[in-house]
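I have placed the structure first, in the form of structure tokens, so that the comments after it can refer back to it.
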Amino acid sequence: MNAAEKPATTLGHGELPYPRGTLVRDTISERIGLLTGVLEERLKESGKLVSRQAFMVPEGGGIEWDAPLDRIRPVKPGNSV
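Quick note: the sequence shown uses the working numbering, first residue 8, plus one each step.
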């Protein structure tokens with residue numbers, strides 16, 4: 008493998024840090040939505056974690072978006088806006 012090649016990885020569902028449907032906020036974009044899932048990328052050979060993406064959908068429906076899991080925090084009740 009040369010320096011330009013990326014190691015082989017696999018994608019899979021990851022463990023949710025909060026229950027599915029928890030109202031969360033992306034700390035960078037400030038978008039608020041309901042947590043729907045986590046996607047993990049791991050190195051194929053060793054299984055080492057490369058990245059984790061959280062997927063959210065706006066309350067009431069809309070277009071799903073994703074953000075790195077470490078940017079996601081739960082919204083405290085009464086603090087959504």
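Heads up, the beta-carbon is just placed ideally off N, CA and C, and yes, glycines get one too.
For clarity, every value in this text was computed on a predicted model and none was experimentally measured.
Within its own chain, the residues whose Cβ lies closer than 7 Å to the Cβ of ALA61, once the five positions on either side in sequence are excluded, are LEU42, VAL45, ASP73, ALA74, LEU76 and ILE79, listed in chain order.
Annotation: the continuous beta strand (DSSP E) that includes PRO75 extends over 72-75. THR17 and GLY69 have their alpha carbons spaced roughly 28 Å apart. Contact between LYS51 and ALA15 holds, since their C-beta atoms are separated by about 4 Å, short of 8 Å. Residues LEU42 and PRO81 of the same chain have their beta carbon placed closer than 6 Å to that of THR29, with the five preceding and five following residues left out of the count. In the DSSP annotation of this structure, the continuous segment of the beta strand (DSSP E) that includes VAL31 starts and ends at 30-33.
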